[in-house]
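Chemist: Dumping the structure here so I can ask a few things about it.
Number of protein chains: 2
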Amino acid sequence: MHFTTSASVDGVTGRDLVHDGVPGVLWTPPGTATGLVLSAHGGGQHKHAPGIRARAHACAVAGLAVLTLDAPGHGDRPRTPDDEHHATEIRARIAAGTDAGPLVAEYNALQSARAIPEWRSALDALLALPEFAHLPGAVFWGVSMGSALGIPLVAAEPRVVAAVFGLIGATDQLTTAAASITVPVRFLLQWDDRLIARPAGLALFDALATPRKTLHANPGGHGDVPGHELADAVRWLAERAREATVHTPS
Amino acid sequence: MHFTTSASVDGVTGRDLVHDGVPGVLWTPPGTATGLVLSAHGGGQHKHAPGIRARAHACAVAGLAVLTLDAPGHGDRPRTPDDEHHATEIRARIAAGTDAGPLVAEYNALQSARAIPEWRSALDALLALPEFAHLPGAVFWGVSMGSALGIPLVAAEPRVVAAVFGLIGATDQLTTAAASITVPVRFLLQWDDRLIARPAGLALFDALATPRKTLHANPGGHGDVPGHELADAVRWLAERAREATVHTPS
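Sequences listed follow chains A and B, in order. To convert, note that position 118 of the first sequence is 291 in my numbering; the numbers rise steadily by one, no gaps. To convert, note that position 14 of the second sequence is 187 in my numbering; the numbers rise steadily by one, no gaps.
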């Protein structure tokens, strides 16, 4: 993991990095981090997208370090013809008001297969750094395409102790992965989401095996998660991270 | 409104009262109340049921005054033959594992018709007291039978500025009332509720007209709302009450 540039705002430091060829950014709070958030962006976004930066800043202000990686075919990474095809088709269907859901789900599955090894490798590298040696693992936050990655990632990765998911519907692959998740989950659903059919979102929440799961549903479309919900997710993740650190024998 | 006995625990004072023949209790915080909660209990409960007392205490610790009334046919109030019939039948169906839902809905509709005028009259009386003269109105908290009362009450009563509802399903009457509610609502749903069919609960949340509504769903049965959810509802209601007091011209 190579750090390149560094910038600080309000005591929060953002360091751009490259890990095994994947560009990312690590945000850290002023003092010792009380937890580490793996923050995956959504489809069409990138590591410095405004919402992703705002989420990272809020987490860092709450004492958490935050890692974001550019997803395959996103941000500073090369796009394959398949990435270009899916991006163009999905945008066209949304613009035409036709159902982009199946195509989004297909692309999400491709994405997660490529991205999961990258995130696990980056987690190895971060937990090996002296500044994070006190942490037992990480928490995860990713919605939409970020959950398409995160649900199988968290199912496979025992070092992730809690997760914020949402804005995504059940597929065979995700339902199967959800049935292996036993850590606390906050699941965000947008009641009027035109990309994710409401029953599909509810079915995926239903499939999560963990008894510590809460669904938060709000009016509005895919991109309209209210600010109070994001602020509450920061608080909830910070609590889960502290809980895991306190309860892990050192 | 006549106050009878009074007792204090941890600075929170509970005063039993009778208003127009209806027994109730008013809890008040140590200092000036920052809001007033109308707290309606569920079916088979009463004004001093443990969960209702615990909720009132938590609200008072957060600075809120809390009014609870015994529902018709509940607590210290006489039971009509109709009350007895419904209570016996509902208990029998739950014990037998058969669907008590339609009978619960029928009883709830009877209850709300009797209780709404009582609550509105009690609110008149409370807001006329010098200790609450600074308050523009009240917030409401009632789930299950408490929401069967509360949804039509809040639809009809402009002085209620926010509400916690839940553990209840759509009926024609409730759906119609929900379509008139424009104040912020927190709606609690239990994912494995055997009394309330999940689609009926979701449909009632859907019917609420307010753009400021959030559904919180948790695993477990009708009586298993997690403690963190109740604590969060206290915090949310306290914020809504303060917001209403600040924004109302005096």
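Ideal Cβ placement from N, Cα and C applies to all residues, glycine included.
#1: By DSSP, does Ser135/A sit in helix, in strand, or in coil?
#2: Quick one: Cα of Ser423/B to Cα of Asp379/B, how far?
#3: In or out: Thr207/A buried (at least 16 other Cβ within 10 Å) or exposed?
#4: Taking a contact to mean a Cβ-Cβ separation below 8 Å, would you say Ala260/A touches Gly315/A in this structure?
#5: For Lys386/B, list the residues DSSP reports as bridge partners.
#6: Determine the DSSP secondary structure at Ala238/B, reduced to helix, strand or coil.
#7: Quickly, what does DSSP pair Gly363/B with across the bridge? List them, please.
#8: DSSP state of Ser423/B, grouped into three classes?
#9: For the stretch 360 to 384 of chain A, which residues have a CB atom closer than 7 Å to at least one CB atom of chain B, in sequence order?
#10: Expressed to the nearest angstrom, what Euclidean distance is found between the alpha-carbon atoms of Asn391/B and Glu402/A?
#11: Ala370/B by DSSP, collapsed to three states: which one?
#12: Could you give the distance in angstroms between the alpha-carbon of Leu347/A and the alpha-carbon of Ile267/B?
#13: Shortest alpha-carbon distance to Leu377/A belongs to which of Leu340/A, Ala306/A, Gly394/A?
#14: Contact criterion: CB-CB distance below 8 Å. Does Thr387/B meet it with respect to chain A?
#15: Taking the continuous alpha helix (DSSP H) assigned at Ser269/A, which residues delimit it?
#16: Name the chain A residues that come within less than 9 Å of Ala335/B, Cβ to Cβ?
#17: Enumerate in chain order the residues of its own chain whose CB-to-CB distance from Asp249/B is below 7 Å, with the five nearest sequence positions on each side excluded.
#18: Give me the subset of the stretch 392 to 422 of chain A whose CB atoms are less than 7 Å from a CB atom of chain B, sorted by chain position.
#19: Beta carbon of Val407/B, beta carbon of Ala231/B: below 8 Å?
#20: Output the distance between the C-alpha atoms of Asp429/B and Glu416/B, rounded to the nearest integer angstrom.
#21: Using a C-beta to C-beta distance shorter than 7 Å, which residues of chain B count as neighbours of Ala352/A?
#22: For the beta strand (DSSP E) containing Arg188/A, name the first residue and the last one.
#23: Hey, does Ala390/B have any beta-carbon neighbour from chain A nearer than 8 Å?
#24: Note down, in chain order, each residue of its chain lying with its Cβ closer than 8 Å to the Cβ of Pro309/A, except the 5 sequence neighbours on either side.
#25: Take His258/A and list the residues in its own chain whose beta-carbon comes closer than 6 Å to its own, dropping the five residues that flank it on each side.
#26: Suppose only complete runs of 4+ residues qualify. What are the alpha helix (DSSP H) ranges in the stretch 299 to 346 of chain B, listed by chain order?
#27: Taking a contact to mean a Cβ-Cβ separation below 8 Å, would you say Lys220/B touches Thr241/B in this structure?
#28: Roughly how many whole angstroms lie between the Cα atoms of Ala411/A and Val277/A?
#29: What residue range does the beta strand (DSSP E) around Ala273/A cover?
#30: Please identify the residue among Trp409/B, Met318/B, Leu199/B, Ser353/B whose C-alpha is closest to the C-alpha of Ala238/B.
#31: Going by CA-CA distance only, name the one from Gly400/A, His395/A, Arg385/A that's closest to Gly393/B.
#32: Mapping DSSP to helix, strand and coil, what is Ser353/B?
Modeler: Working from what's here:
#1: Because chain A spans 174 through 423 in this model, residue 135/A falls outside it and cannot be assessed.
#2: Counting from one through the second sequence, the residue named residue 423/B turns up at place 250. Counting from one through the second sequence, the residue named residue 379/B turns up at place 206. With a pLDDT of 48 at Ser423/B, under the threshold of 50, the modelled position of that residue is not reliable, and the figure given next carries that caveat. Approximately 35 Å, taken between the alpha carbons.
#3: As a working mapping, residue 207/A is identified with position 34 in the first sequence. Thr207/A comes out buried.
#4: Position 87 of the first sequence holds residue 260/A. Position 142 of the first sequence holds residue 315/A. Contact: no.
#5: Here residue 386/B refers to the residue found at position 213 of the second sequence. Partner(s): Val358/B.
#6: The residue labelled residue 238/B in the question sits at position 65 within the second sequence. The answer is strand: DSSP assigns Ala238/B an E or B state.
#7: The residue you call residue 363/B lines up with position 190 of the second sequence. Residue identity check: residue 363/B is Gln in the sequence provided, not Gly. Asn391/B, per the DSSP bridge assignment.
#8: Residue 423/B sits at position 250 when you count from the first residue of the second sequence. The pLDDT assigned to Ser423/B is 48, lower than 50, so where the model puts this residue is not dependable; a value taken from the coordinates is nonetheless given after this. Three-state result, Ser423/B: coil.
#9: Within the stretch 360 to 384 of chain A, the residues whose Cβ lies closer than 7 Å to some Cβ of chain B are Pro384, listed in chain order.
#10: The sequence position of residue 391/B within the second sequence is 218, counting from 1. The sequence position of residue 402/A within the first sequence is 229, counting from 1. Rounded to the nearest angstrom, the two C-alpha atoms are 16 Å apart.
#11: Here the question's residue 370/B lines up with position 197 in the second sequence. Looking at Ala370/B - three-state DSSP - the assignment turns out to be coil, as it is neither helix nor strand.
#12: By one-based count along the first sequence, residue 347/A stands at place 174. By one-based count along the second sequence, residue 267/B stands at place 94. Each residue's Cα considered, the two are about 35 Å apart.
#13: Reading the first sequence from its first residue, position 204 is the one you call residue 377/A. Comparing Cα positions, the closest option is Leu340/A.
#14: Residue 387/B sits at position 214 when you count from the first residue of the second sequence. Closer than 8 Å to some Cβ of chain A, the Cβ of Thr387/B qualifies, so yes.
#15: Within the first sequence, the letter at position 96 stands for residue 269/A. At residue 269/A the sequence reads Ala, which differs from the Ser that was named. In the DSSP assignment, Ala269/A falls within the alpha helix (DSSP H) that extends over 254 to 269.
#16: Residue 335/B sits at position 162 when you count from the first residue of the second sequence. The contacting residues do not exist; Ala335/B stays about 13 Å from chain A at best.
#17: Here residue 249/B refers to the residue found at position 76 when the second sequence is read from its first residue. Pro196, Asp243.
#18: Contact annotation: in the stretch 392 to 422 of chain A, residues whose CB is within less than 7 Å of a CB in chain B are Pro392.
#19: As a first step, residue 407/B is located in the second sequence; it is residue number 234 there, counting from the start. As a first step, residue 231/B is located in the second sequence; it is residue number 58 there, counting from the start. Yes, the pair counts as a contact, with Cβ atoms nearer than the cut-off.
#20: Because chain B here runs from 174 to 423, residue 429/B falls outside it and cannot be looked at.
#21: To locate residue 352/A, count along the first sequence from 1; it is residue 179. Chain B residues near Ala352/A: none, gap ~14 Å exceeds 7 Å.
#22: Here residue 188/A is taken as the residue at index 15 of the first sequence, counted from 1. Per DSSP, Arg188/A belongs to the beta strand (DSSP E) from 185 to 192.
#23: Counted from its first residue, the second sequence places residue 390/B at position 217. Answer yes: the Cβ-Cβ gap between Ala390/B and chain A drops below 8 Å somewhere.
#24: Reading the first sequence from its first residue, position 136 is the one you call residue 309/A. Contacts found: Arg332, Val334, Ala417, Thr418, Thr421.
#25: The residue given as residue 258/A occupies position 85 in the first sequence. None.
#26: 318 to 329
#27: Residue mapping note: residue 220/B aligns to position 47 of the second sequence, counting from 1. Residue mapping note: residue 241/B aligns to position 68 of the second sequence, counting from 1. The answer is yes: Cβ separation under 8 Å.
#28: Here residue 411/A is taken as the residue at index 238 of the first sequence, counted from 1. Here residue 277/A is taken as the residue at index 104 of the first sequence, counted from 1. Each residue's alpha carbon lies about 30 Å from the other.
#29: Position 100 of the first sequence, counted from the start, is the residue given in the question as residue 273/A. No beta strand (DSSP E) holds Ala273/A; DSSP gives it neither H nor E.
#30: The residue labelled residue 238/B in the question sits at position 65 within the second sequence. The shortest C-alpha separation from Ala238/B is found at Leu199/B.
#31: For the purposes of this step, residue 393/B is identified with residue 220 of the second sequence, where counting begins at 1. Gly393/B has its Cα closest to that of Arg385/A, out of Gly400/A, His395/A, Arg385/A.
#32: As a working note, residue 353/B is residue 180 in the second sequence. In the three-state reduction of the DSSP assignment, Ser353/B falls in the coil class, being assigned neither a helical nor a strand state.
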